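Inspection log for the structure reproduced underneath, given as structure tokens.
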Amino acid sequence: MGAVLRNKHIAAGGAIIALMIAMAAFAPLLTPYGFGELDFAVKNQPPSAQHIMGTDPYGRDVWCRIAYGARVSLTVSLVAVAIAISCGSLLGVASGYMRGRLDFALGRIIDVMMAFPAILLSLIIGVVLGASVRNMCFSIGIPLIPIFYRVARGATLNVGGRTYVTASRSIGSGRLRTMAWHVLPNVLPQIFVVLSVGMGGSILAEASLGFLGLGIPQPTPSWGLIVNEGKAHIFAAPWTTAFSGGFIALTVLGFNLLGDGLRDFLDPKLKGAGG
Amino acid sequence: MALWTRASASPGTPVSAGAPDANIAAGAGAGAVARAGGAAGGCASAAGTGGARMASQAGAGVAAGASAKAGAGALAGAGASAGASAGAATGASAKAGAGAGAGAGATALLRAERLTKTYAASSRRGFGSARLTAVNEVSFEVARGETFGLVGESGCGKSTLAMLALRLIEPTSGALSYEGRDMLKMGFRELREIRRDMQVVFQDPYDSMNPRLTLEEVVAEPLRVHGRGGTKRSRRERVEKLFADVGLPAHLMGRYPHQLSGGQRQRLCIARAIALSPRLVVCDEAVSALDVSIQAQILNLLLDLKDEFGLTYMFISHNLAVVKFMSDRIGVMYFGRIVELAAKAELFGNVLHPYTLMLLSAMPSPVPGDSRGAERRAAITGGVPSLFSPPAGCVFHPRCRFREGVCEREEPPLRDMGGGHCVACHFAGEHGLPRLAEQFAV
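Chain order of the listed sequences is A and B. The first sequence begins at 1 in the working numbering and counts up by one. The second sequence begins at 1001 in the working numbering and counts up by one.
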């Protein structure tokens, strides 16, 4: 564990994400108001001692909504990306290593998925499954699968041609073992780099779904929703979008650092190089 | 003189690098090499027609014991052990005449018959696709305890043949058997059992280890895959022993492959290859990526291990000098075919194929200022034809200085010229090649 944290990227990224999660978990303790409390007397107030991040057009406390909104946003994006990474990379590695018919079949399915804009696919899945936090994870995660699939498959095509993979076969390893021991560990670092893209994308997708009415029902806040609500008043009350957007950016940055750090950490060539 | 002696196998001992072939010639000369007659047991495939091969290694491991079953073997075995006590190193191959032992085919460890591998490849112009024949009806046998050398220039199909022999790629046609068991009919489980017995050392030591595993994990992998080595601790002891066997210090076990030098990596690959106590080790250009002094160390290590564990090698290289140093029998490949196949002394003493002569002439002279240099170089003419449009008739005829009309029409079969010396040439023995070869005395 100590070795992991000595990597500065992992430490910084991990700290940011830990803070976000703590914020979501302890939201009731950190906020003076309820996230749905309307107070039209103080609508569109700039940041002040009472409302440290100002208020939105309905007079709700922005900090409050952001803290509670982290629950939905983090859950949805983490779970969605977890779904996309696990499905995408496993299918991608299998496809790239086995080749042949499996590769062809999976490739065409992924092509079909990529033919739809991600948001449209999310909408379709959202409509079919209905609006709930769990279903939102699927409707956001599934359209992300092709990204991870393609990265994993491409990396596998490269790794699969390396001599050590042949060597593993010559020892008598089966396909599963070779994939698990030799292919996947050498493909994962490239997937970690895409991780940050997926995290950012899924937070934004969650916002879009909320905007289109397929998100979490009101008044439960989510970061994307807050950005969307503030958009109409961006000149009159820029703090709403600024702070919620800032948290999204910070979270994405956290995952970015974590992804890069993990890639370096898993590379034995950089071990002991003070990284 | 004897720079390439066994003693130099210890790691870290600097071996002075001179002209490589001079060293090899010295090493080869130092070993007592008797002619292994009838080695191939018939050129193409016929089982049992050949003579008993006795290529018992000094040190008489498993292999020597097994092949001593043959009637003539008793004598030959005695000869071999005599050789061993005399300290003759390079592999004392006892001669056993053709037909001396019945059922000789059974002693073949690995046996390939008319192995062919073709690939679909898009042609240069980008229209349609062409078939490319990488290995064309190649037959050979590797006898227990011997080192079968395979030599040929780049792109002649040596490595493809190695992959085929291990069934790491599927042949397009042909037959392959290990100890008389048909390897091509084996399912995964059976093949896995066989793989415990046959291992491979690859050319590129930089690419043949997973960069994310520690050296200990790399060497322990075969043990894990086959459920050998028992507990974690006993497996560790086994790995330590293997490290010692190949001359790597045990403190490297926790390191990663990128922290090793090329020679150390190749030692590690060898440790992995012998982890399961295999009988056959295929060395696919195992020393080609190393510099000359390291090559010498690795070759000597391979010879030591052969003696210690009774290994059989299939040794593939484009370097005739290295193959000569290592092998008991040598097959010469050209354009996906074996064009000449004979025991080492026979091959070098009695060249029958013009291509082999050409290869010999390409070996640099150990004598500085050799006046025959220009003549030697002049012996090499032309280039390898495109694999997409193989020449009709004998594949070598466009480059052959002895070609006649028939060479352009008919493909010569690989035929036995006596004593297991096989050659694929219409005029084998007729164009006075041996005398020509003499001037390239190697």
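Quick reminder that beta carbons are idealized off the backbone N, C-alpha and C, glycines included. Remember, it's a predicted structure, so these values are computed and weren't measured experimentally.
Only counting runs of 3 or more residues, tell me where the beta strand (DSSP E) segments fall wholly within the region 1187-1259 of chain B, in order along the chain.
For the region 1187-1259 of chain B, whole beta strand (DSSP E) runs of length 3 or above, ordered along the chain, are 1198-1201.
Secondary structure at Y58 (chain A), three-state DSSP: helix, strand or coil?
The residue given as residue 58 (chain A) occupies position 58 in the first sequence. Note: Y58 (chain A) maps to coil in three-state DSSP.
Is the beta carbon of S73 (chain A) closer than 8 Å to that of I234 (chain A)?
Here the question's residue 234 (chain A) lines up with position 234 in the first sequence. Here the question's residue 73 (chain A) lines up with position 73 in the first sequence. No, Cβ-Cβ distance for I234 (chain A) and S73 (chain A) is not below 8 Å.
Where E1217 (chain B) and R1399 (chain B) are concerned, what is the direct C-alpha to C-alpha distance, given to the nearest angstrom?
Sequence index remark: in the second sequence, residue 1217 (chain B) carries index 217 (1-based). Sequence index remark: in the second sequence, residue 1399 (chain B) carries index 399 (1-based). Computed Cα separation, rounded: 49 Å.
Check each candidate in B:S1288, B:E1411, B:R1181 and name the one with the smallest Cα separation from E1153 (chain B).
Position 153 of the second sequence, counted from the first residue, corresponds to residue 1153 (chain B). Looking at the Cα atoms, B:S1288 is the closest of the given residues.
Given that Y164 (chain A) touches chain B, what residues does it touch there, using C-beta distances under 7 Å?
Stepping through the first sequence from its first residue, residue 164 (chain A) is reached at position 164. Within chain B, the residues near Y164 (chain A) are D1207, S1208, M1209, N1210.
Thinking C-beta only, is I1330 (chain B) closer than 8 Å to V1151 (chain B)?
As a working note, residue 1151 (chain B) is residue 151 in the second sequence. As a working note, residue 1330 (chain B) is residue 330 in the second sequence. Their beta carbons are under 8 Å apart, which means V1151 (chain B) touches I1330 (chain B) by this criterion.
Using the Cβ count rule (16 or more neighbours within 10 Å means buried), how would you classify I191 (chain A)?
Working through the first sequence from its first residue, we reach residue 191 (chain A) at position 191. By the neighbour-count rule (16 or more Cβ atoms within 10 Å), I191 (chain A) is buried.
Apart from the five residues just before and just after S1208 (chain B), which ones in its own chain have a Cβ nearer than 6 Å to its Cβ?
Translated into positions along the second sequence, residue 1208 (chain B) becomes position 208. F1202, C1269.
Cβ atoms of V1225 (chain B) and S173 (chain A): under 8 Å apart, would you say?
As a first step, residue 173 (chain A) is located in the first sequence; it is residue number 173 there, counting from the start. As a first step, residue 1225 (chain B) is located in the second sequence; it is residue number 225 there, counting from the start. Yes.
Which residues of chain B have a Cβ atom closer than 7 Å to the Cβ of R6 (chain A), listed in chain order?
The sequence position of residue 6 (chain A) within the first sequence is 6, counting from 1. Ordered by position in chain B, no residue passes the 7 Å Cβ test against R6 (chain A), which lies about 18 Å from the chain.
Give me the residue from A:I21, A:C64, A:I17, A:R175 with the minimum Cα distance to L38 (chain A).
Locating residue 38 (chain A) in the first sequence gives position 38, counting from the first residue. Among A:I21, A:C64, A:I17, A:R175, the Cα nearest to that of L38 (chain A) belongs to A:C64.
DSSP three-state call for C1156 (chain B): helix, strand or coil?
Taking the first residue of the second sequence as position 1, residue 1156 (chain B) is located at position 156. Of the three classes helix, strand and coil, the one that applies to C1156 (chain B) here is coil, per DSSP.
If you draw a straight line from the C-alpha of N1300 (chain B) to the C-alpha of L102 (chain A), how long is it?
By 1-based counting over the second sequence, the position of residue 1300 (chain B) is 300. By 1-based counting over the first sequence, the position of residue 102 (chain A) is 102. Each residue's alpha carbon lies about 46 Å from the other.
What residues are listed by DSSP as bridge partners for F255 (chain A)?
Residue numbering aside, residue 255 (chain A) sits at position 255 when the first sequence is read from its first letter. Paired residues: none, contrary to the question.
So S285 (chain A) contacts chain B; which residues on that side make the cut at Cβ distance below 7 Å?
Nothing in the structure corresponds to residue 285 (chain A), since chain A is present only between 1 and 275.
Buried or exposed: where does N186 (chain A) fall if 16 or more other Cβ atoms within 10 Å of its Cβ makes it buried?
Indexing the first sequence from 1 puts residue 186 (chain A) at position 186. Looking at its Cβ environment, which holds 16 or more other Cβ atoms inside 10 Å, N186 (chain A) is buried.
Beta-carbon separation of Y85 (chain A) and L258 (chain A) under 8 Å?
In the first sequence, counting from the first residue as 1, residue 85 (chain A) sits at position 85. In the first sequence, counting from the first residue as 1, residue 258 (chain A) sits at position 258. In the sequence under discussion, the amino acid at residue 85 (chain A) is Ile, which differs from the Tyr named in the question. It is not a contact, given that the beta carbons lie outside the stated cut-off.
Using a beta-carbon distance cut-off of less than 7 Å, what residues from the region 1244-1270 of chain B approach chain A?
The region 1244-1270 of chain B vs chain A, Cβ under 7 Å: Y1256, H1258.
To the nearest whole angstrom, what separates the beta carbons of I226 (chain A) and I66 (chain A), a pair I think is in contact under 8 Å?
By 1-based counting over the first sequence, the position of residue 226 (chain A) is 226. By 1-based counting over the first sequence, the position of residue 66 (chain A) is 66. Correct: roughly 6 Å between the Cβ atoms.
Examine chain A for any beta-carbon lying closer than 8 Å to the beta-carbon of F1188 (chain B), and answer yes or no.
Within the second sequence, residue 1188 (chain B) is the residue found at index 188, counting from 1. So yes, F1188 (chain B) belongs to the interface.
To be precise: take each residue of the region 85-114 of chain A, compare its Cβ to all Cβ atoms of chain B, and keep it if any distance is under 9 Å. Which residues remain?
So nothing in the stretch comes that close.
Give, in chain order, every residue of the region 218-231 of chain A whose Cβ lies closer than 9 Å to some Cβ of chain B.
So nothing in the stretch comes that close.
Does I17 (chain A) come out as helix, strand or coil in the three-state DSSP assignment?
Position 17 of the first sequence holds residue 17 (chain A). It is helical.
Would N186 (chain A) pass as an interface residue toward chain B - the criterion being a Cβ-Cβ separation below 8 Å?
Along the first sequence, read from residue 1 onward, the residue named residue 186 (chain A) stands at position 186. By this cut-off, N186 (chain A) is an interface position.
With a 10 Å radius around its C-beta and 16 neighbouring C-beta atoms as the bar for buried, classify A1143 (chain B) as buried or exposed.
Here residue 1143 (chain B) is taken as the residue at index 143 of the second sequence, counted from 1. By the neighbour-count rule (16 or more Cβ atoms within 10 Å), A1143 (chain B) is buried.
Return helix, strand or coil for I1338 (chain B), following the three-state DSSP convention.
Reading the second sequence from its first residue, position 338 is the one you call residue 1338 (chain B). Three-state result, I1338 (chain B): strand.
Using only alpha-carbon positions, find the residue among B:F1388, B:M1198, B:R1415, B:Q1297 that is nearest to A1121 (chain B).
Numbered from its first residue, the second sequence carries residue 1121 (chain B) at position 121. Nearest C-alpha to A1121 (chain B): B:F1388.
Taking Cβ-Cβ distances shorter than 7 Å, what residues in chain A pair up with L1168 (chain B)?
Taking the first residue of the second sequence as 1, we reach residue 1168 (chain B) at position 168. Within chain A, the residues near L1168 (chain B) are T166, R169, S170.
Taking only the alpha-carbon atoms, compute the straight-line gap between I323 (chain A) and S1327 (chain B) and give it to the nearest angstrom.
Nothing about residue 323 (chain A) can be read from this structure; chain A reaches only from 1 to 275.
Give the straight-line distance between the Cα atoms of L246 (chain A) and G126 (chain A), rounded to the nearest whole angstrom.
Translated into positions along the first sequence, residue 246 (chain A) becomes position 246. Translated into positions along the first sequence, residue 126 (chain A) becomes position 126. Residue identity differs from the one stated: residue 246 (chain A) is Gly in this sequence, not Leu. Rounded to the nearest angstrom, the two C-alpha atoms are 27 Å apart.
Taking the Cβ atom as the reference point for each residue, do C1422 (chain B) and L1341 (chain B) lie within a distance shorter than 8 Å?
Numbered from 1 along the second sequence, position 422 holds the residue referred to as residue 1422 (chain B). Numbered from 1 along the second sequence, position 341 holds the residue referred to as residue 1341 (chain B). Yes. Within cutoff.
Please compile the residues from chain B whose C-beta is within a distance smaller than 8 Å of the C-beta of R177 (chain A).
Against the first sequence, residue 177 (chain A) aligns to sequence position 177. In chain order: V1225.
For L1290 (chain B), I'd like the list of residues in its chain whose CB is within less than 7 Å of its CB, leaving aside the five on either flank, ordered along the chain.
By one-based count along the second sequence, residue 1290 (chain B) stands at place 290. For L1290 (chain B), where only same-chain residues beyond five positions count, the Cβ hits under 7 Å are G1262, G1263, Q1266, I1298.
Tell me, please, whether the region 1333-1349 of chain B touches the region 1414-1430 of chain B by the rule of three or more beta-carbon pairs shorter than 8 Å.
They touch, by the three-pair rule.
If you drop the 5 nearest sequence neighbours on each side, which residues of the same chain put their C-beta closer than 6 Å to that of A993 (chain B)?
For chain B, the structure presents residues 1001 to 1442; residue 993 (chain B) sits outside this window and is missing.
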